[in-house]
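Reading through the structure tokens given below for one structure.
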Amino acid sequence: MMRIGLSFIISAFFCLGIAALPQRASAAPTAADPCVACHTDLSKVLPQNHKPVKGTGFSSCTKCHATGESGEAEVNAFSTKVHLAHFAQKQTIECTACHSYVAGKSFGLIGQSHSWGAPTDSDFAAMKEDFASWAGSAFTDNLHAKASVDCAGCHGKAMTSADASVDNQRCLTCHGPLQKLVDKTRNAEFPKRNPHSSHLGDDIACTTCHHAHAAAAVYCADCHKLWKMPIMGTGK
Amino acid sequence: MSKTEISRRSLLQAVTVGVVAVSGGTALNMAVPGTAEALVRKLPGSWDETWDVIVVGSGFAGLSAAAEAAAAGAKTLILEKMPTYGGNSIINGGVFAAWDDKWHYREKLNLGTDSPEQHWQDILKGGDYYSIPELAKAVADGAADALEWVVEDGGAELRPTVTRAGGHTAYRTHAAKSGVGREYTEALRKIAEKHGVKPTLNSQVTWIWRADADPKSPVLGLEVKRGKKVVNLRATKAVILASGGFSQNVEMRSAHNPRLTDEYNCTNHKGATGEIHKYAQAVGADTLQMNFIQLYPYAEPETGLLDAQAVYPFNGPGYGILYVTKQGKRFVNELERRDVVAYAQINLGKDAKPTWSIFNEAMVLPMGGAQEEIDEGLKRGRFIKAETIPELAEKCKIPSDALVDTVNKYIQYHKDGKDPEFNKPITPAMISLEKGPFYAIAQWPAVHFCMGGLRANASAQVIDIFGTPIPKLYAAGEVVGGIHGSNRLGSNAIPSCIVFGRTAGRNAAKESAA
């Protein structure tokens, strides 16, 4: 996937990417910096053994932590940690504590002028719901959170909408090639009984079974009722 | 005209007048009062997307319609509510009735004569003359060309034989090389993709937009749920409904045919739930023959699955397959129609499950079988194999003496060319059950196909409750009622879906874009 300097995914959704722009990275935190409003001394919230940090604003972090602004399918420990720290443990914190949001117009970061998309209220509500699921469910999304894969890791740099889905190619960037999955679930006795080599077509969507923000379920079992196939992320 | 009709008509007129009086307009809505759908619905103020033709469903009919519409230059969208494309079609048994094919298998194998006329008459007779004759004729007339289309343009491959299936008077049933309907859905998908159309998955239609029931009032578009979002899509030329049947909707099927409760398994994919029938009715569409619902007589007894092996009992009768009860007795003329075979089993009583099909090695290839399916079926216990009939009886837990007696009589009937027990017509193509190895497969009826559905004409236009075509609304495939009468003959589904799909697609593309 081509890297484009300005990429917003994460920023858009997670608000962290923005400072990765060189000129931004060196900019002084504004009065309305998303961090300083609550954390007057950022050093108090740094992990143990973290190198000392100069400055107090968000840009102090992003000097080192470029946050997946390209929209690559990759782990992003910083974004994941910051979001989980603010959301998972203190669910009273609203997205808008750090993010600026005007329905249908812009979505950005407090104190920054960039906007990374124009989610509608329904898009935003869906994002919040899915984000909460990512942070604390027993579904596939939370398995990704635990592996430090944030929204952009799957959804790329475009802001997600209420009808978003994820293409197979995206999943296969980390989990592929497909043949590896076919081999993993091969049934030695009945080779045709392989969910990754389905009679419903070679291009059957991963999300047919592996729902991210809802309980994963083996689609085969809708008809093949006697088959027992395990799957992760069922919510149990 | 009955009182009800008068009151309905005045109601519809009232709605129409109301719309004229109040500019902006509410949508026509005949949903049940008190349900969410019955709320006053305003037509969308704006449309999220605009297309020429929108097709609902991605099975044989939907793909065919979209391919033809797009080929004629229409900007076409296919909506599929499931996360996978193909509906029932992709899991269908792959049998395709057509009087001819590019290889002329019937002629080459010396299997008698056939014609579109003969096929048409079989459809009518097989459905007890409840078929709308012009619809059945369209299927018979278009079947060979439809087969040619999926083979030549789509790359579908066939097994080199034709079989005579129950209710058909000719050897005209073709089998897909892969043994399943995917052979044709992939071919149709390829043709549609050539013209730039791919199914859009996870897109569930939740309403059909039409302003009123004026005979000149066209269908405008669709309300569609995609993920957590609801969008309104405008179709300037036409909407084509190719959404399949309602076999999986126990409430709906038993409302029309009370016997078909959840006691019966179902061969269909889980999305065959019939809500599109109701949305179409809610904007004035007529339905017919909704109680004619077919059972597939040979489904896997425990789950109702129609796997590749479950097609063998269906393909076998023309080549001499034998059906017996678990007591080892015959119970029906094996060449009978699906409804006769299914109810012959059901009438034996619940304890009679399962019944068995018995065939021998010599029948496998002529009846469209494949060694790979035999091997796989044996391995997972679907087929049972034995060198002798007593050994087969023992393995199937059928009383050996009874089965030996039945088989011996059956062999004699074939020698005599006469079946005094069930009057099965014996043909020279039928193979004697004298020589082993022998195979058996268990079977039991499961809900399979809805013959009834929306009323349509031979141009695939949907007809309203007063007998007038609803402008810009077409239908094709299982959602259309009245093609097959009270009983669809096996292997007529694929040709009827493709023929009507193509007609709907071509006619939709010809509509003016407004």
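Heads up: the protein sequence lines correspond to chains A and W, in order. Just so we're aligned, residue 401 is where the first sequence starts under our numbering, counting upward by one. Just so we're aligned, residue 23 is where the second sequence starts under our numbering, counting upward by one. All residues carry an ideal CB built from backbone N, CA and C; glycine is no exception. Predicted model, so just to flag it, every value in this text is computed and none were measured.
### Query
Given P442 of chain W, which residues of its chain have a CB within under 8 Å of its CB, disregarding the five upstream and five downstream residues?
Y435
### Query
Quick one, which residues of the segment 269-285 of chain W are near chain A if we go by CB-CB under 7 Å, in chain order?
none
### Query
Any beta-carbon of chain A closer than 9 Å to the one on A43 of chain W?
Here A43 of chain W scores only 36 on pLDDT, less than 50, and its place in the model is too uncertain to base an answer on.
### Query
Is it true that the CB of T106 of chain W sits closer than 9 Å to the CB of L223 of chain W?
yes
### Query
Nearest to E472 of chain A by CA position, among A:V582, A:P519, A:A552, A:M629, is which residue?
A:A552
### Message
Please classify M632 of chain A as buried or exposed, where buried requires at least 16 other C-beta atoms within 10 Å of its C-beta.
### Response
exposed
#### Entry: Counterpart residues of S269 of chain W in DSSP-defined beta bridges
Partner(s): none; S269 of chain W has no beta bridge.
### Message
Between A562 of chain A and chain W, is the shortest Cβ-Cβ distance under 9 Å, so that the two count as touching?
### Response
Yes, because at least one Cβ of chain W sits closer than 9 Å to the Cβ of A562 of chain A.
### Query
Would F118 of chain W pass as a contact of P467 of chain W if the rule is Cβ separation under 9 Å?
no
### Query
Which residues of chain A have a Cβ atom closer than 7 Å to the Cβ of I112 of chain W, listed in chain order?
L600
### Task
Take every Cβ of the segment 503-522 of chain A, pair it with every Cβ of the segment 539-548 of chain A, and state whether three or more of those distances are shorter than 8 Å.
As far as the Cβ criterion goes, the segment 503-522 of chain A does not touch the segment 539-548 of chain A, which means the pair count is below three.
### Task
Evaluate H291 of chain W with the Cβ neighbour count: other Cβ atoms within 10 Å of its Cβ, from every protein chain shown; 16 or more gives buried, anything less gives exposed.
buried
### Task
Assign Q512 of chain A to buried or exposed, taking buried as 16 or more other Cβ atoms, counted over all protein chains shown, within 10 Å of its Cβ.
buried
### Message
Going residue by residue through the segment 234-312 of chain W, where are the continuous alpha helix (DSSP H) segments of at least 4 residues, counting only ones entirely within it?
### Response
Segments of the alpha helix (DSSP H) lying fully in the segment 234-312 of chain W: 272-278, 297-304.
### Query
If C418 of chain W and G81 of chain W are in contact, beta carbons under 8 Å, what's the gap, nearest whole angstrom?
For a cut-off of 8 Å, the C-beta gap from C418 of chain W to G81 of chain W is around 35 Å, too long to register as a contact.
### Cutoff 6 Å; reference N114 of chain W; Cβ partners in own chain excluding five residues on either side
G203
### Query
So is I1 of chain W buried or exposed if we call it buried at 16+ other beta carbons inside 10 Å?
Any question about residue 1 of chain W goes unanswered here, given that chain W covers just 23 to 536.
### Three CB pairs or more closer than 8 Å across the segment 156-163 of chain W and the segment 72-86 of chain W
no
### chain A contact for R524 of chain W (CB, 9 Å cutoff)
no
### Query
Is DSSP giving G81 of chain W helix, strand or coil here?
Residue state, collapsed to three classes: coil.
### Query
In terms of residue numbering, what span does the beta strand (DSSP E) encompassing G218 of chain W cover?
Where G218 of chain W is concerned, there is no enclosing beta strand (DSSP E), given that its DSSP letter is neither H nor E.
### Task
Tell me where the beta strand (DSSP E) around P467 of chain W begins and ends.
Note, P467 of chain W: beta strand (DSSP E), 460-472.
### Task
Thinking S513 of chain W and T289 of chain W are a contact (beta carbons under 8 Å), I'd like their distance in whole angstroms, please.
Wrong, their Cβ atoms sit about 15 Å apart, outside the cutoff.
### Three-state secondary structure (DSSP) of E71 of chain W
strand
### Task
Under 7 Å between beta-carbons, which chain A residues line up against V469 of chain W? List them in chain order, please.
Going along chain A, no residue has its Cβ under 7 Å from V469 of chain W, so there is no contact; the nearest lies around 14 Å.
### Message
Counting only beta-carbon separations shorter than 9 Å, does R404 of chain W have a partner in chain A?
### Response
No - not a single Cβ of chain A is within 9 Å of the one on R404 of chain W.
### Beta-carbon contacts of L99 of chain W that lie in its chain and below 6 Å, excluding the five residues immediately before and after
W73, I76
### Task
Output yes if chain W places a C-beta closer than 9 Å to the C-beta of D622 of chain A; else output no.
yes
#### Entry: Collapsed DSSP secondary structure at L511 of chain W in the structure displayed
coil
### Task
In the DSSP assignment, find the unbroken alpha helix (DSSP H) run with A162 of chain W in it and report its ends.
155-174
### Task
Going by CA-CA distance only, name the one from A:E474, A:A621, A:L626, A:T608 that's closest to T573 of chain A.
Check the Cα spacing between T573 of chain A and each of A:E474, A:A621, A:L626, A:T608: the tightest is with A:E474.
### Query
Per DSSP, Y496 of chain W forms a beta bridge with which residues?
W:I262, W:Q483
### Query
Quick one: is T295 of chain W near chain B, going by C-beta distance under 9 Å?
Here the protein chains are A and W, and chain B is not one of them.
### Of the listed residues A:N594, A:A616, A:W627, A:H439, nearest to T634 of chain A (C-alpha basis)
A:A616
### Query
Between V501 of chain W and Y318 of chain W, is the Cβ-Cβ spacing less than 9 Å?
no
### Message
Output needed for H484 of chain W: all residues of its chain with C-beta closer than 6 Å, excluding positions within five of it in sequence on either side, in chain order.
### Response
Checking the displayed sequence, the identity of residue 484 of chain W turns out to be Val instead of His. For V484 of chain W, where only same-chain residues beyond five positions count, the Cβ hits under 6 Å are A307, L476, A478, I492, L495, A497.
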